[in-house]
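**Student:**
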Amino acid sequence: MTVTIFVPRDAAALAVGAEKVARAIETQIEARGLDARIVRSGSRGMFWLEPLVEVRTEHGRFAYGPVKAGDVEALFDAGFLTGAADHPLCLGLTKEIPFLRQQTRLTFSRCGVTDPLSLEDYRHYQGLKGLEKAVAMAPLDIVKEVTDSGLRGRGGAGFPTGIKWKTVLDAPASQKYIVCNADEGDSATFADRMIMEGDPFVVIEGMAIAGIATGATKGYVYIRSEYPHAIATMMQAVEIARAAGILGASVLGSQHAFDMEIRAGAGAYVCGEETSLLNSLEGKRGVVRAKPPLPALQGFLGCPTVVNNVMSLASVPVIMDRGAAFYRDFGMGRSRGTIPIQIAGNVKHGGLYETAFGLSLGEIVDHIGGGTATGRPVKAVQVGGPLGAYFPRALFDTPFDYEAFAARDGLIGHAGITVFDDTADMLKQARFAMEFCAVESCGKCTPCRIGSTRGVETADKIMAGIEPEKNKALLADLCNTMKFGSLCALGGFTPYPVMSAMNHFPEDFAPAPVREAAE
Amino acid sequence: MNMRMSAGGFTERSLEIIRDLKHLEGPMLPILHAIQDEFGYVPEDVKPLIASELNLSRAEVHGVVSFYHDFRAAPAGRHVLKLCRAEACQAMGSDQVADRARQLLGIDFHQTTLDGAVTLEPVFCLGLCACAPAAMLDGEVHGRVDEHSLAEMISEARA
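Chains as they are written, first to last, in my numbering: chain A, 631 to 1149; chain B, 6 to 164.
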């Protein structure tokens, strides 16, 4: 029987040498004349173990990691193909690794398990069941199912997906669009990248369901150019889906038409904002549009448009397959279902952890993440990317829930968590938030365009010990103006990291001479 | 880019690219990407061609090109080294890696070494945040970058 070896093709695995490992395995198979084949899967999302190689045996899939190309020969010598457990790199059965075992993988159920571009694998692991149900349903019933599931926009805003779909469904127009926002620019986030590289068909299936539900016949996936691997995989997947009749004039043989294109961004962070994304897709400067009109009524090329994050769309197939109640039963409060938490930065066990809403920040950082990679104490974690607040240990009891984070002047955003150890300088981080906003501002509104630059200057003055009290008050005032006066979340949320750094870590904002004296 | 390409050849090739893609809904970004893939940058002379083919003003085309970080006004070096400058990488010492890169190359960000070998650019997130610090040399991604692997990348690029 041919043995199957899985080596990830995920960009993060490639970044730490997965390609060399795959080549070394190939060489060993040939040299030893073994009956084995390599499948290039997505990643399981345990990045401290990448490159993570798996072997399918009669007892299940065994994991080995982190494997270097130089380890491969010894692995074969140790009986790698039969699940040799006595090799130091052997991690046992993959599904028994605690980080994986404790997760609730609904959206990421296939990621790392299958060959991302095999439709056969996709179908074998419950793929297309949601779409098969959807083609036989009335659009309003699909929208109701998604609404009842409690799914909220996973891009960060948390707007109920079903309500957005209903608005587009009810809008009279000869042409409507589904736009998938894959401009995942927040630091510490990689869920969209992982799913596009590791299970692209689930995104396509979600978009097709959205199309049928709202009467849209054309879709676009806007992927940031920093993700060349995701772009390539999605393009191939669309071709395969089209050839298989999942996309095209007759979706799965039904009377519904839906097709899609992949588009690449061009390095502008602000294009993750939905109206700016639409302008960019239309070929304009990625400048934010004032709302109203809502994109749901006047979006791409002025037509009713659903703009959904990759994760929102990728969650739809399982909701349609298993039902709204199944999905809604996970979570807490108004945050229903599961969320792929991405743990990154200075952390021991960094990766993707899909779980129901409600875990506390401390559980995520200390228990799941295992503390810092450097072994030093955790000083702060930034939740929600460059526009998210810095949380001190004192707030580690905050449950992972949209409302709970908002109540503590923070946000979940796209569910990325960056861990910092005690060497982090929070004044420097606050300055960076302003600097980032200044670099990425689209320039349309004054608080964001000018405020961010003034913010950098003011932070510099505090750093230099120039009238610190006065300048701290000025920085707070500036944040207030940006928060309430900006047109979109870039200028409006930049105050979160700045104010949280200032409020929770006042010692880092003390004038420089005092700090030196204290050391 | 083939530097010896005649002015006529340049116009012809540019028009070919533009006409291939102008039927798309929102063709501007795909056209600009294709132009940059072909020539290595977006030449000034291509803007009037795009403007006339898409029925836009030259100012509108210039406005789009200059808005996005990706589009270059001049060719890059033979290799482009992008270092991630975002928070997750900062938490793992990317600032020190960046300082070392500047030192080894003798240039700052957005500059090219005198021998034309390497252009150094900042990037805000490659999505490799759980194996930080991250870098991209041409199309190839690198994680857990330290001084040693950085030096290796740079000597490979300068070889």
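Beta carbons are placed, not taken as given, at the ideal position from N, Cα and C, and that holds for glycine.
Fair warning: this is a prediction, and the values are worked out from it, not measured in the lab.
1) Looking at the structure shown, is T863/A part of a helix, part of a strand, or coil, going by DSSP?
2) What would DSSP say about N847/A, mapped onto helix, strand or coil?
3) Using alpha carbons as the reference points, say which of L86/B, D120/B, Q116/B, D100/B lies closest to A140/B.
4) What is the C-beta distance between L1104/A and A1089/A, in whole angstroms, given that I count them as a contact (C-beta under 8 Å)?
5) Compare the Cα-Cα distances from E3/B to each of E30/B, H74/B, V51/B and report the closest residue.
6) Any idea if R735/A is buried or exposed, counting beta-carbon neighbours within 10 angstroms, 16 or more meaning buried?
7) Interface residues of chain B around P973/A at Cβ under 8 Å?
8) For a contact defined as C-beta to C-beta under 9 Å, what are the partners of R149/B on chain A?
9) Taking beta-carbon pairs under 7 Å, can you tell me which members of the segment 43 to 69 of chain B lie near chain A?
10) Could you have a look at L991/A and say whether DSSP puts it in helix, strand or coil?
11) Under 8 Å by Cβ, that's how I've got C1072/A and V940/A pegged, so tell me the actual separation to the nearest angstrom.
12) Only counting the same chain, and skipping five residues up and downstream in sequence, which positions put a Cβ closer than 6 Å to that of L1128/A?
13) DSSP state of I140/B, grouped into three classes?
14) Which chain A residues are close to L34/B, counting only those with a beta carbon under 8 Å from its beta carbon?
15) Counting only the same chain and skipping the five closest in sequence on each side, list residues whose C-beta sits under 7 Å from that of P1125/A.
16) N1110/A lies in the beta strand (DSSP E); which residues open and close that run?
17) So N1133/A is in the beta strand (DSSP E); what residue range does that whole segment cover?
18) So, is Y755/A buried or exposed, given that buried needs 16 or more other C-beta atoms within 10 angstroms?
19) Going by DSSP, what residues sit across from F1066/A in a beta bridge?
20) In three-state DSSP terms, what is D42/B?
21) So, does the CB of V146/B fall closer than 7 Å to a CB anywhere in chain A?
22) Tell me the rounded alpha-carbon separation between Q41/B and V702/A.
23) Could you tell me the boundaries of the beta strand (DSSP E) in which G1015/A lies?
24) Look at I870/A and A894/A and say whether their C-beta atoms are less than 7 Å apart.
25) Would you verify that the beta carbon of M97/B is, or is not, closer than 7 Å to some beta carbon of chain A?
26) To test your reading of the DSSP string, which unbroken beta strand (DSSP E) runs of 3 or more residues are found completely within the segment 774 to 830 of chain A?
27) Between the segment 89 to 99 of chain B and the segment 1026 to 1039 of chain A, do three or more beta carbon pairs fall short of 8 Å?
28) Give the list of continuous beta strand (DSSP E) stretches no shorter than 3 residues that lie fully inside the segment 950 to 984 of chain A.
29) For A1054/A, which residues of its own chain have a beta-carbon under 8 Å away from its beta-carbon, when the five flanking residues on both sides are left out?
30) Closer than 7 Å, CB to CB, is N939/A near chain B or not?
31) Taking Cβ-Cβ distances shorter than 7 Å, what residues in chain A pair up with V128/B?
32) Run down chain B in chain order and give the residues with a C-beta less than 8 Å from the C-beta of Q756/A.
33) Beta carbons nearer than 7 Å to chain A: which residues of the segment 103 to 131 of chain B have them?
34) List the residues of chain C whose Cβ lies closer than 7 Å to the Cβ of G31/B, in chain order.
35) Are any of the Cβ atoms in chain B nearer than 7 Å to that of A693/A?
36) Just checking, does the segment 810 to 830 of chain A make contact with the segment 127 to 134 of chain B on the three C-beta pairs under 8 Å criterion?
**Tutor:** With the structure as the only source:
1) Start at 1 with the first residue of the first sequence, and residue 863/A comes out as number 233. If DSSP states are grouped into helix, strand and coil, T863/A belongs with the helices.
2) Translated into positions along the first sequence, residue 847/A becomes position 217. One point to set straight first is that residue 847/A is Thr, not Asn, in the sequence displayed. In this structure, T847/A counts as coil in the three-state DSSP scheme.
3) Counting from 1 along the second sequence, the entry for residue 140/B is found at position 135. Among L86/B, D120/B, Q116/B, D100/B, the Cα nearest to that of A140/B belongs to L86/B.
4) Within the first sequence, residue 1104/A is the residue found at index 474, counting from 1. Within the first sequence, residue 1089/A is the residue found at index 459, counting from 1. Contact doesn't hold; Cβ gap of about 10 Å is too wide.
5) The structure shown does not extend to residue 3/B, since chain B spans only 6 to 164, so no value can be given for it.
6) On the first sequence, position 105 is the one that residue 735/A refers to. Buried, since its Cβ has 16 or more Cβ neighbours within 10 Å.
7) Position 343 of the first sequence, counted from the first residue, corresponds to residue 973/A. The amino acid at residue 973/A is misidentified as Pro; the sequence shows Ile. Going along chain B in sequence order, the residues near I973/A (Cβ under 8 Å) are A135.
8) Along the second sequence, one-based indexing puts residue 149/B at 144. Simply A645, V646.
9) G68, V69
10) Taking the first sequence and counting its residues from 1, the one referred to as residue 991/A is at position 361. In the structure shown, L991/A sits in a helix (DSSP, three-state: H, G or I).
11) Here residue 1072/A is taken as the residue at index 442 of the first sequence, counted from 1. Here residue 940/A is taken as the residue at index 310 of the first sequence, counted from 1. That pair is no contact at about 22 Å.
12) Here the question's residue 1128/A lines up with position 498 in the first sequence. Note that residue 1128/A is Val in the sequence shown here, rather than Leu. So the qualifying residues of the chain are A1060, A1063, C1109.
13) Position 135 of the second sequence, counting from 1, holds the residue named residue 140/B. Reading off the sequence, residue 140/B comes out as Ala, not Ile. In the structure shown, A140/B sits in a strand (DSSP, three-state: E or B).
14) As a working note, residue 34/B is residue 29 in the second sequence. Chain A residues near L34/B: R893, A894, G895, A896, S910, L911, G913.
15) Within the first sequence, the letter at position 495 stands for residue 1125/A. If we look at P1125/A and ignore the five residues flanking it on each side, its Cβ neighbours are C1109, M1112, K1113.
16) As a working note, residue 1110/A is residue 480 in the first sequence. Note, N1110/A: premise wrong, no beta strand (DSSP E); alpha helix (DSSP H) at 1098 to 1115.
17) Along the first sequence, one-based indexing puts residue 1133/A at 503. Segment 1125 to 1134 is the alpha helix (DSSP H) holding N1133/A; no beta strand (DSSP E) there.
18) Residue numbering aside, residue 755/A sits at position 125 when the first sequence is read from its first letter. So Y755/A counts as exposed.
19) Position 436 of the first sequence, counted from the first residue, corresponds to residue 1066/A. Its beta-bridge partners do not exist; DSSP assigns none.
20) For the purposes of this step, residue 42/B is identified with residue 37 of the second sequence, where counting begins at 1. Three-state DSSP puts D42/B in a helix.
21) Within the second sequence, residue 146/B is the residue found at index 141, counting from 1. With 7 Å as the cut-off, V146/B counts as an interface residue toward chain A.
22) Position 36 of the second sequence, counting from 1, holds the residue named residue 41/B. Position 72 of the first sequence, counting from 1, holds the residue named residue 702/A. Cα to Cα, the separation comes out at about 40 Å.
23) The residue you call residue 1015/A lines up with position 385 of the first sequence. Run containing G1015/A: none; DSSP gives neither H nor E here.
24) As a working mapping, residue 870/A is identified with position 240 in the first sequence. As a working mapping, residue 894/A is identified with position 264 in the first sequence. Going by C-beta atoms, I870/A is not nearer than 7 Å to A894/A.
25) Here residue 97/B corresponds to residue number 92 of the second sequence, with the count starting at 1. Yes, M97/B counts as interfacial toward chain A.
26) 807 to 812
27) no
28) 968 to 975
29) Along the first sequence, read from residue 1 onward, the residue named residue 1054/A stands at position 424. Here the set comprises K1009, A1010.
30) For the purposes of this step, residue 939/A is identified with residue 309 of the first sequence, where counting begins at 1. Taking Cβ atoms only, chain B never reaches closer than 7 Å to N939/A, which makes this a no.
31) The residue you call residue 128/B lines up with position 123 of the second sequence. The answer, in chain order, is E856.
32) For the purposes of this step, residue 756/A is identified with residue 126 of the first sequence, where counting begins at 1. Result: empty, since nearest Cβ-Cβ is about 26 Å, beyond 8 Å.
33) V128, F129, C130, L131
34) Within the model displayed, chain C is absent; protein chains A and B are what it includes.
35) Residue mapping note: residue 693/A aligns to position 63 of the first sequence, counting from 1. No - not a single Cβ of chain B is within 7 Å of the one on A693/A.
36) yes
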